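Below is one structure; the comments refer to it alone.
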Amino acid sequence: MKILGVCIISLVLLAPQVRTAEPVPLRGYSSDSAGAERDWEAKFRGIPDPAALRASMQRLTARPHHVGSAYDRENAEWILSQFTEWGLDARIETYDVLFPTPKERAVELLSPTRFTARLEEPTVAGDPTSSQHAEQLPSYNAYSIDGDVTAPLVYVNYGVPDDYEALERLGISVKGAIVIARYGGSWRGIKPKVAGEHGAIGCLIYSDPRDDGYHQGDTFPNGPYRPADGVQRGSVMDMPIYPGDPLTPGVGATKDAKRLPLSEAVTLTKIPVLPISYGDAQPLLAALKGPVAPERWRGALPITYHIGPGPAKVHLRARFNWDTKTIYDVIARIPGSVYPDEWIIRGNHHDAWVNGAEDPVSGTSALLEEARGLAALARQGWKPKRSIILCVWDGEEEGLLGSTEWAEDHAEELRRKAAVYINSDSNGRGYLQVEGSHTLERFINGVARDVEDPETKLHVWKRLQLWRIANPAANGTAAERQEPRQRADLRIGALGSGSDYTVFLDHLGIASLNLGYGGEDGGGIYHSIYDDFYWYTHFSDTDFVYGRALAQTAGTAVMRLADAELLPYDFDDFTDTIRRYIEEISRLALEKREQTVERNRQIDEGLFAATEDPREKTMPPPREAVPPFLNFAPLENGLAALERATGLYDQALARAAENGGAALAGAALRDANARLIAVERALTLDDGLPNRPWFKNQIYAPGLYTGYGVKTLPGVRESIERKQWQLAGEQIVRVGKVLENASEAIQGATAELTRAAK
Ligand SMILES: [Zn+2]
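Everything in the sequence shown is counted per the working numbering, starting at 1 for the first residue and increasing by one.
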């Protein structure tokens, strides 16, 4: 079956212009309905229009539109009026959320010299919206606590746990200090969290020019990279615990929702934090002494990077208005004609930190073009089998507020009805980028084969395949380098966090995808006042053809999911991916063990004392107990059950697809579809992950200490990484059971499919 699939696919790809008489079968469709589907999809892909994308971006980014601003609400109302004008049934749903804004901000160097940080992003000549200072949110990190601290400064590189291990070896403590970390290496909220855990009393985060400034290319307005005074705003809420309104965990922030007192909101930071530009950071870093920073810690400022502590002494003051603001989610529905209670949900946020052309309007405008296209098809008689819910979220930037509160509010209905959630956010030029649930890996590969890359005219799948062949993973084996040529489907990454899919995938167990284009349009305006229409139309997808490609990709995916007789989940790629994850974590456990044995031996040999410069005060690493061997059998058994169930499902599907899939066309597949939806829910456990019950998905989660970066099989992987061996053993048993639960759910779907196809 697989070999046949590969042959057909490569035939089509070798001759992309040729329409073969027998198109590649659409999974979950009978031949008759597949033909009709392809016609509707082709019609749809002709609709999204670069001129319309440009016009809606210009409209939505004309003024700053953060949560609580006048223009945020005006945008929501304008989107609603567009939806209504196109004939869609739409409305605005509101929630009331905690949203702090700055009242006082100060960063001063007190000694050995004096310097006061400007904390301002200046107007740039030629960029018209950069001058809208009265409406711009000042640069700050939302959900930092109030604080007024004075202390010696310590440079902590990216401020991730590894960096603190290096500091320990150097005998440097951040206890009682203010740390300065550079952006990058983790999600920003991790930096104050780890700093606080190590005893720091304040945190500054700056954008080093090595990472997104002049080291990368020309700076704005001569080029796309961050200018000296550009600042990255952003949330520092402890989202790996739970995202959304800090006062209403697990429930929608409706008017009458029960709210925690501010003092019990555990997702606020423990220490005050402010973001600064490299213009403001340079005098602070230049005033540090102490050891010279290790090579990989050094940025691109024209100074020698020292770590401290001191003699630089810094005063940091940050105070906020702890207000409640209303957020406006715009929700449109296209009712399903056969399975109205199975939902395909598509979302992108509309709020921004400032004018937000790239983040998020490049994605928002694509979603609007999809909506216009789907509405046009509906007027021409297209009737999706499933209901389509189009969501334009507010409050994403602060902590996924709009999506989280809406999904928590409608959780019970979503658990019953939601089949798939498809997200997008910032979009740009380049390659298709997909992450998501591996039950949809095969499906989205199929969609990517039907969308044309606007610049090379290859299909976006082919272009991505060739890129993967040209850019193999640095540590990949020879077989892995050949994989993009040989495997039927290109692998998709797993989802961590960082956009609005989080509540759907991680909290509710709904199969999710995140789609976008990028990789050929670097820049350094993220979350600054310079992410605006001027920047986007000079340095990113300037002719909006990748905006059109995103609308075509996501719209095709939505239609193909909504119209299928049988939901096109696939468990082969899923099982294959789970197998890889189990291999990875088994290897990880062994490596941890071997590393500990080796390092203890080196300590006994006196290696550190002998080989590190005796004039520098480095400390040997601490001796550690050798980790026990873990028993991975429960995971192996779960995987074996999954493999068996997948094989049987594939056989049932192949039988149902015989004779042009007449069985699919004629059969009542309601129960089979419902069982398929239940497979994703079976990947969740009600009591969630260790110490973070909101995160219920046992396959995917953002890392506790990466923030956005994913941890797969997170309960097991993180307990191994954190050397919690007993917990790891318990988690292996739990996750093994989850894999067995998923196998049972697949067997349920197989039974219903077999019954329906008789
Ligand atoms: Zn965004």
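For each residue, glycine too, the CB sits at the ideal point set by N, CA and C.
Small disclaimer: the values here were computed from a predicted structure and weren't measured.
message: I'd like the list of long-range same chain contacts for residue 752, defined as Cβ closer than 7 Å, with 5 residues on each side in sequence excluded.
response: Counting only Cβ-Cβ distances below 7 Å, and skipping sequence neighbours, we find 671, 672, 675.
- prompt: Does at least one heavy atom of ligand 1 sit under 7 Å from the Cβ of residue 272?
  reply: False, no ligand heavy atom lies under 7 Å from that Cβ.
- request: Check the DSSP bridge columns for residue 317 and list the partner residues they point to.
  value: Bridge pairing for residue 317: 106, 148 [DSSP].
task: Assuming residue 656 contacts residue 757 (C-beta within less than 8 Å), just tell me the rounded distance between them.
output: Rounded, the Cβ-Cβ distance is 4 Å, consistent with contact.
query: Taking the C-alpha atoms as reference points, what is the distance between residue 754 and residue 645?
result: When rounded, the distance between both Cα atoms is 14 Å.
- prompt: Hey, how far is the Cα of residue 458 from the Cα of residue 452?
  reply: Note on geometry: alpha-carbon atoms of residue 458 and residue 452 lie some 6 Å from one another.
- prompt: Going along the chain, which residues of its own chain have a beta-carbon closer than 6 Å to the beta-carbon of residue 551, five neighbours each way excluded?
  reply: So the qualifying residues of the chain are 48, 366, 369, 370.
Distance, residue 278 Cα to residue 94 Cα: Here the C-alpha atom of residue 94 lies approximately 38 Å from the C-alpha atom of residue 278.
- prompt: In chain order, what residues of the same chain lie with their CB nearer than 8 Å to the CB of residue 668, ignoring the 5 residues before and after it?
  reply: Same-chain partners within the cutoff: 756.
task: Using alpha carbons as the reference points, say which of 191, 226, 189 lies closest to residue 207.
output: Considering only 191, 226, 189, the residue with the shortest C-alpha distance to residue 207 is 226.
message: Taking the straight line between their C-alpha atoms, what separation do you get for residue 28 and residue 660?
response: Taking the straight line joining both Cα atoms gives about 11 Å.
query: Going straight from the alpha carbon of residue 618 to that of residue 526, what length do you get?
result: Cα to Cα, residue 618 sits roughly 38 Å from residue 526.
task: Whole angstroms is fine: what's the gap from residue 705's alpha carbon to residue 476's?
output: Residue 705 and residue 476: Cα-Cα distance of roughly 25 Å.
- prompt: What's the gap between the Cα of residue 722 and the Cα of residue 132?
  reply: Straight-line Cα distance between these residues: approximately 47 Å.
field: Cβ neighbour criterion (16 or more within 10 Å) applied to residue 157
entry: It counts as buried.
- prompt: Per DSSP, residue 343 forms a beta bridge with which residues?
  reply: 387, 418.
- prompt: Would the beta-carbon of residue 357 fall within 8 Å of that of residue 57?
  reply: Yes, they are a contact pair.
message: Quick check on the DSSP output: what are the complete alpha helix (DSSP H) runs of length 4 or more inside the region 169 to 232, in order along the chain?
response: Segments of the alpha helix (DSSP H) lying fully in the region 169 to 232: 190 to 197, 209 to 212.
message: Can you tell me whether residue 295 is helix, strand or coil according to DSSP?
response: Per DSSP, reduced to three states, the secondary structure at residue 295 is helical.
- request: Please confirm if the region 385 to 392 is in contact with the region 342 to 352, defined as three or more CB-CB distances below 8 Å between the two stretches.
  value: Yes, the region 385 to 392 touches the region 342 to 352.
task: Go ahead and pull the three-state DSSP assignment for residue 748.
output: Judged by DSSP in its simplified three-state form, residue 748 adopts helix.
- request: Report whether the distance from the Cβ of residue 72 to the nearest heavy atom of ligand 1 is below 7 Å.
  value: No, the beta carbon of residue 72 sits no closer than 7 Å to any heavy atom of ligand 1.
task: Tell me whether residue 615 is buried or exposed, calling it buried when 16 or more other Cβ atoms sit within 10 Å of its Cβ.
output: Its Cβ having fewer than 16 others within 10 Å, residue 615 is exposed.
- prompt: Ordered along the chain, which non-local residues of its own chain (more than five positions away) have a Cβ less than 7 Å from that of residue 463?
  reply: Cβ-Cβ distances below 7 Å link residue 463 to 431, 453, 456 in the same chain, with the five nearest sequence neighbours on each side left out; the list follows chain order.
- prompt: Taking DSSP as the reference, what is the three-state secondary structure of residue 283?
  reply: It is helical.
query: Is it the case that the CB of residue 48 approaches a heavy atom of ligand 1 more closely than 7 Å?
result: Residue 48 has its Cβ no nearer than 7 Å to any heavy atom of ligand 1.
query: What three-state label does DSSP hand residue 161 in the structure shown?
result: Collapsing the DSSP output to three states places residue 161 in a helix.
field: residue 71, enclosing beta strand (DSSP E) - first and last residue
entry: Residue 71 -> not in any beta strand (DSSP E); alpha helix (DSSP H) instead, spanning 70 to 85.
- prompt: Pick from 747, 284, 224: whose alpha carbon is nearest that of residue 682?
  reply: It is 747.
- request: Have a look at residue 297 and residue 159 and give me their C-alpha separation to the nearest angstrom.
  value: One C-alpha to the other measures close to 10 Å.
field: beta-carbon residue 604 near ligand 1 non-hydrogen atom, thresh 7 Å
entry: Ligand 1 has no heavy atom closer than 7 Å to the beta-carbon of residue 604.
- prompt: Taking 7 Å as the cut-off, is the CB of residue 403 close to at least one heavy atom of ligand 1?
  reply: Outside the cutoff, so no.
field: When 538, 77, 639, 261 are compared against residue 744, the one with the closest alpha-carbon
entry: Comparing Cα-Cα distances from residue 744 to each of 538, 77, 639, 261, the minimum goes to 639.
field: Cβ neighbour criterion (16 or more within 10 Å) applied to residue 769
entry: The structure shown has nothing for residue 769, since the chain only spans 1 to 758.
task: Let me know the alpha helix (DSSP H) ranges lying completely inside the region 456 to 485, each 4 residues or longer, listed in chain order.
output: Segments of the alpha helix (DSSP H) lying fully in the region 456 to 485: 460 to 470.
Reduced DSSP secondary structure (H/G/I, E/B, other) of residue 44: DSSP places residue 44 in helix when its eight states are reduced to three.
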